[in-house]
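Presented below is the structure to which this report refers.
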Amino acid sequence: MKSTLVAVIGAGTMGHGIAYVAALSGCDVRLTDDRADVLPQAKAKVEALLAGGVKRGKLSEADAAAVRQRLQTEPTVRNAIADADVVIEAIVEDLAIKQRLFAEIERAAPATALLATNTSSLSIAQIAAAMKQPGRLIGMHFFNPVHVMKLVEVVTHAGAAAERAVQFARRLGKEPIVVRDSPGFASSRLGIVLGLEAMRMLEQGVASAEDIDKAMELGYNHPMGPLKLTDQVGLDVRLAIAEYLHATLGKPHYEAPKILREKVKKGELGRKTGKGFYTWSD
859 MKSTLVAVIG AGTMGHGIAY VAALSGCDVR LTDDRADVLP QAKAKVEALL AGGVKRGKLS
919 EADAAAVRQR LQTEPTVRNA IADADVVIEA IVEDLAIKQR LFAEIERAAP ATALLATNTS
979 SLSIAQIAAA MKQPGRLIGM HFFNPVHVMK LVEVVTHAGA AAERAVQFAR RLGKEPIVVR
1039 DSPGFASSRL GIVLGLEAMR MLEQGVASAE DIDKAMELGY NHPMGPLKLT DQVGLDVRLA
1099 IAEYLHATLG KPHYEAPKIL REKVKKGELG RKTGKGFYTW SD
């Protein structure tokens, strides 16, 4: 029986995580990125995930070896997607760039391939607007860290069928929910309000970052507080989502607070830069 071939475009935090869980589920994976230095970094991060899994007893050495064999890097998008069964985009949250990419993907990928974007807030219909068959595109919004977080938002728009994406998400061991294409979908629209309000509370001196997070972790049973989660996601990513939702929905609770803008301007983007609302050593 032919293995499912998954092409993941974008080898950053989300891309290498999606590639890892796809390979772990038994899919053959091609991970691609037009930034030459990013692919070796992504492979190193996958190695770290494998080492961690083996150390904790979650994976055997044979499991790790199988993932290494199934996950390959490919420097060009066209070669990565040429015979793919599933293509997942996980690049920068920029509408115009995604539109150009999916116009290219539509031309180069097999006509039967499932085409998905991992966008966390942009309109799927707008991304698909540059495609000849926009109904081919669907949203598959994974969460960071991908190997831990169970949720996948499957985002539909006019003409896009959800069932294939739902089944694929389940194959990866995820719990899919189906959401209509609207700004912020379900998760970002809810999560960004909580995160921005936590930032405003910190800005106003209501409590420390640690205590604001503990309020949600211990009082509401959230596994991670909103400020620590922002550090995980990336302050720049959160700012882009907030600006998009504020522009499209026009509600004041989506307006980014000064503290977020200042930290992004200083390059304090969270865990990936070593500092955000917390200081990180890894």
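Under my numbering, the first residue of the sequence shown is numbered 859, with each subsequent residue one higher.
Each residue gets a CB set at the ideal place from its N, CA and C atoms; glycine is no exception.
Quantities reported herein were computed from a predicted structural model and do not represent experimental measurements.
For this session: Would you check if there are 3 or more beta carbon pairs closer than 8 Å linking the region 1113-1129 to the region 1065-1082?
Result: no
For this session: Provide the residue span of the beta strand (DSSP E) that contains Val1024, from first to last.
Result: Along the sequence shown, read from residue 1 onward, the residue named residue 1024 stands at position 166. It is not in any beta strand (DSSP E) - Val1024 instead sits in the alpha helix (DSSP H) that spans 1021-1029.
Problem set entry | Residues near Ser979 by beta carbon distance below 6 Å, same chain, minus five either side | Translated into the one-based positions of the sequence shown, residue 979 becomes position 121. Correct list, in chain order: Gly1042, Ser1046, Ile1099, Tyr1102.
Exercise. So, is Lys956 buried or exposed, given that buried needs 16 or more other C-beta atoms within 10 angstroms?
Worked result: As a first step, residue 956 is located in the sequence shown; it is residue number 98 there, counting from the start. With 16 or more Cβ atoms within 10 Å of its Cβ, Lys956 is classed as buried.
For this session: Thinking Val864 and Asp943 are a contact (beta carbons under 8 Å), I'd like their distance in whole angstroms, please.
Result: Start at 1 with the first residue of the sequence shown, and residue 864 comes out as number 6. Start at 1 with the first residue of the sequence shown, and residue 943 comes out as number 85. With 8 Å as the limit, Val864 and Asp943 qualify as a contact, their Cβ atoms being about 7 Å apart.
For this session: State the Cα-Cα distance for the pair Ala1065 and Leu1048, rounded to the nearest angstrom.
Result: Working through the sequence shown from its first residue, we reach residue 1065 at position 207. Working through the sequence shown from its first residue, we reach residue 1048 at position 190. Going from the Cα of Ala1065 to the Cα of Leu1048 covers about 22 Å.
Exercise. In terms of DSSP beta bridges, what is Gln930 paired with?
Worked result: By 1-based counting over the sequence shown, the position of residue 930 is 72. Paired residue(s): Arg888.
Exercise. What's the C-alpha gap between Ala906 and Leu1052?
Worked result: By 1-based counting over the sequence shown, the position of residue 906 is 48. By 1-based counting over the sequence shown, the position of residue 1052 is 194. Ala906 and Leu1052: Cα-Cα distance of roughly 31 Å.
Exercise. Is it true that the CB of Asp892 sits closer than 7 Å to the CB of Ala869?
Worked result: Working through the sequence shown from its first residue, we reach residue 869 at position 11. Working through the sequence shown from its first residue, we reach residue 892 at position 34. Against a cut-off of 7 Å, the Cβ pair of Asp892 and Ala869 comes out as no contact.
For this session: May I ask you to list the residues that DSSP assigns as paired with Leu972?
Result: Against the sequence shown, residue 972 aligns to sequence position 114. Its beta-bridge partners are Val944.
For this session: For the beta strand (DSSP E) holding Met998, just list the boundary residues, first then last.
Result: The count along the sequence shown starts at 1 and reaches residue 998 at position 140. Unbroken beta strand (DSSP E) run through Met998: 995-999.
Exercise. Are Phe960 and Met989 touching if we call contact CB-CB under 7 Å?
Worked result: Within the sequence shown, numbered from 1, the residue matching residue 960 stands at position 102. Within the sequence shown, numbered from 1, the residue matching residue 989 stands at position 131. Yes, the Cβ-Cβ distance between Phe960 and Met989 is below 7 Å.
Problem set entry | Contacting residues, own chain, Cβ-Cβ under 7 Å from Thr1088 (five flanking each side not counted) | Here residue 1088 refers to the residue found at position 230 when the sequence shown is read from its first residue. Closer than 7 Å at the Cβ level, and outside the excluded window around Thr1088, lie Gly1053, Arg1096, Gly1128, Gly1134, Phe1135.
For this session: Could you please give me the residues that DSSP links to Arg1038 through a beta bridge?
Result: Your numbering for residue 1038 matches position 180 in the sequence shown. Answer by DSSP bridge pairing, in chain order: Thr1014.
Exercise. Is the beta carbon of Tyr878 less than 7 Å from the beta carbon of Val896?
Worked result: Numbered from 1 along the sequence shown, position 20 holds the residue referred to as residue 878. Numbered from 1 along the sequence shown, position 38 holds the residue referred to as residue 896. Cβ distance not < 7 Å, so Tyr878 and Val896 don't count as in contact.
Problem set entry | Pick from Val887, Pro968, Gln899 that is closest to Tyr926, judged by C-alpha positions | As a working mapping, residue 926 is identified with position 68 in the sequence shown. Note that residue 926 is Arg in the sequence shown here, rather than Tyr. Looking at the Cα atoms, Val887 is the closest of the given residues.
For this session: Please report the Cβ distance between Ile867 and Ala948, rounded to the nearest whole angstrom; I am assuming they are in contact, meaning their Cβ atoms lie under 8 Å.
Result: To locate residue 867, count along the sequence shown from 1; it is residue 9. To locate residue 948, count along the sequence shown from 1; it is residue 90. Right, the Cβ-Cβ distance comes to about 7 Å (below 8 Å), so this counts as a contact.
Exercise. Which residue spans inside the region 1068-1111 form an unbroken alpha helix (DSSP H) run of at least 4?
Worked result: 1084-1091, 1093-1107
Exercise. Helix or strand or just coil, what does DSSP make of Glu1033?
Worked result: As a position in the sequence shown, residue 1033 is number 175, starting the count at 1. Strand.
For this session: Kindly indicate which residue of Met872, Ser861, Trp1138, Thr1137 has the alpha-carbon position closest to the one of Val1004.
Result: In the sequence shown, the residue the question calls residue 1004 occupies position 146. Checked all of Met872, Ser861, Trp1138, Thr1137; the closest Cα to Val1004 is Met872.
Exercise. Going by beta carbon distance, what residues of the same chain come within less than 6 Å of Arg1022, once the five residues before and after it are set aside?
Worked result: Position 164 of the sequence shown, counting from 1, holds the residue named residue 1022. Excluding residues within five positions, the ones whose Cβ falls inside 6 Å are Leu972.
Exercise. What's the call for Met1082, buried or exposed, on a 16-neighbour Cβ count within 10 Å?
Worked result: As a working mapping, residue 1082 is identified with position 224 in the sequence shown. Met1082 comes out exposed.
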